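Data block below; observations after.
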C-alpha cells in the first residue's frame, strides 16, 4: 500500500519589494496556448470579492490530456497564490488532473517568469503522509493502532480501544489536530480500512478531541 495520499498541490509566488506590478504584467504576457488570460472574468471576481487584493485568472483550453479549467492567482502582500483550479466543462477535477494543470501552468508560465524576475516560487507535494500533518509520536501511535486493529470492528476491542485512546491523547497533547477528511482518507487509502469504518473513526477522533479540549478549558 502507498505510504501517503494524493493531495491538491499548492503554489505561491513571493515577490521582492516593489516587483508585484512587473510580475503581474509578465505573467499576463507569458500566457500562450493552451493558456490565456481572462481579463473580463478576473475583473468580475475582483468586483465581487470582499477584499481589495489583485486577481488574475488564466484559462486552460481542453486538450487530449487535460480538461478545460480556470486557474486563479490571488494577490497578497507577499505576491500571489493559487486558491483553486476549477473545471470549465467537467463536473470536477481529479487530484491528478488538478495537479497536472497546475504543473503545466508552472512549467509554461510561472517558472520562466519567476526565474527571469527573481521571484520565489513554492510548489507543495502532490502526495503527503502522516508525517506531514502531525508529530512523529502521534503518527507512530496511529500506525500502531491501525496495524494491530481488527478492521471489521474498528476500535471496539479492548486492546484496540486502548491503542486508539493512546493515539487520541497524543494527538490532543500535540496541539496539531488532524483534518477529519484527511484522516479518513489515510485510513482508507493507505491502511486499507473500509470507507464506512474509516469515516466512523475519523468522526470519533473529531468528537474525542473536542471533548478533551472542553475538559482542559473547564
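Numbering (our numbering), first residue to last: 313 to 530.
Yeah, the Cβ is synthetic: ideal placement off N, Cα and C, and Gly gets one too.
This structure is a prediction, so every number in the text was calculated from the model and none was measured.
| Check | Outcome |
| --- | --- |
| Segments assigned beta strand (DSSP E), at least 3 residues, entirely inside the region 314–351 | 323–326, 347–349 |
| Exposed unless 16 or more other CB atoms sit within 10 angstroms - verdict on residue 411 | buried |
| Cβ shell of residue 431 (< 6 Å), same chain only, five flanking positions each side left out | 325, 327, 335 |
| Rounded C-alpha distance that separates residue 341 from residue 422 | 11 Å |
| Check whether residue 413 and residue 378 have beta carbons under 8 Å apart | yes |
| Per DSSP, the bridge partner or partners of residue 372 | 347, 381 |
| CA-to-CA distance, residue 530 to residue 408, given in whole angstroms | 45 Å |
| Beta-carbon proximity of residue 479 to residue 454, cut-off 8 Å | yes |
| Residue 434: first and last residue of the uninterrupted beta strand (DSSP E) it sits in | 432–435 |
| Residue 401 and residue 361 closer than 8 Å at C-beta | no |
| CB-CB length for residue 505 against residue 442, believed under 8 Å | Contact flag wrong, Cβ pair sits at about 14 Å. |
| Terminal residues of the beta strand (DSSP E) in which residue 391 lies | 391–393 |
| Classification of residue 522 by the beta-carbon crowding that lies within 10 angstroms, buried from 16 upward | exposed |
| Under the three-state DSSP convention, the category residue 388 falls into | strand |
| Beta bridge counterpart(s) of residue 425 as assigned by DSSP | Paired residues: none, contrary to the question. |
| Buried versus exposed call for residue 514 [16 or more other C-beta atoms within 10 Å across all chains shown] | buried |
| Whole-number beta carbon distance between residue 440 and residue 317, since they are thought to touch under 8 Å | 7 Å |
| Residue 393 to residue 331 span [Cα, whole Å] | 15 Å |
| Contact under 8 Å by Cβ, residue 458 with residue 503 | yes |
| Bridge partner(s) assigned by DSSP for residue 440 | 317 |
| Distance, residue 481 Cα to residue 488 Cα | 12 Å |
| For residue 515, the three-state DSSP class (helix, strand or coil) | helix |
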